[in-house]
Amino acid sequence: PHYILPKEFPDVANRVLMCNSIGKSASATGWRLGWCLHPPALTDTYRGIHDQMVVMSPHPMQVAALTYLQLSSEYFQVELRNRYKSRIDRLVDTLKRIGFEVAAPEGAYYVFAKYTPVPQLRQVMDENEERTTMDVAMYMLKEVGVACVPGDNFYGKDVEEGSHYLRFAACRSDVEAACAKLDEKLLQT
């Protein structure tokens, strides 16, 4: 990828806003902690927008964000990456063993898996033509004990790409328990 730095265009410096958050990089989605670098002339305008967007960022989360910002780059480049990779690898191996079609992600903390090759999940769909991927996700939650998100939630209405896919997150330490449940309930011996 090619990154363009604002300093490469000094004539637009007074119109550049750089916004970021700790949501994805610190595994803190939903915390509503972020920042914006902008020209001083925009402070009043930006503060009004900011106040409406981040109503109530609790103090403990702000302290946690400060700690995060002081971590070494090695934490992100090695430790955090390895932690996620081991969870993703475990999840991908389990899903493939059960019969899901899976392409290991190259950087995401979730796995998109096609469920139609899994006999029990295909049967859920075959029971009724009106069933949707949401029905399969609910089956996974109620009968298997593993939460996942229907793949078509990530595409526009009437778009086929996400149908027949489930998204599994590997961002928590309970991946081992989820893999054990998947093996127990879905693995055909």
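Read in order, the letters of the sequence shown are residues 1 to 189 in the UniProt record's numbering.
By construction, the Cβ of each residue, glycine as well, lies at the ideal position given by its N, Cα and C atoms.
The stretch 65-82 makes no contact with the stretch 116-127, as fewer than three CB pairs between them are under 8 Å.
Inclusion of Ala170 and Val111 in the CB contact set at 8 Å is warranted, their separation being smaller than that value. Only residues of its own chain outside the window of five on either side were considered, and among them Pro117 and Val118 have a CB closer than 6 Å to the CB of Gly99, listed in chain order. Under DSSP, Pro150 shares a beta bridge with Leu166.
Judged by beta-carbon spacing, Lys181 lies within the 8 Å limit of Gly145, meaning their Cβ atoms are closer than that value. Inclusion of Leu166 and Cys179 in the CB contact set at 8 Å is not warranted, their separation being larger than that value.
Excluding the 5 residues flanking it on each side, Pro39 has same chain C-beta neighbours closer than 6 Å at Asn14, in chain order. For Cys19, the enclosing beta strand (DSSP E) stretches over residues Met18 to Ser21.
Cys36 is bridged by DSSP to Cys19.
Straight-line measurement puts the Cα of Met61 at about 41 Å from the Cα of Arg131.
Ala113: member of the beta strand (DSSP E) spanning Tyr110 to Lys114, first to last residue. Rounded to whole angstroms, the separation of the alpha carbons of Leu33 and Arg47 is 14 Å. Our two residues, Leu66 and Asp11, have alpha carbons roughly 33 Å apart in a direct line.
Cα atoms of Arg87 and Ser173: separation of roughly 8 Å, rounded to the nearest angstrom. Put simply, of His59, Glu160 and Phe168 the residue whose alpha carbon is nearest the alpha carbon of Tyr109 is Phe168.
In the structure shown, the three-state DSSP call for Glu101 is strand.
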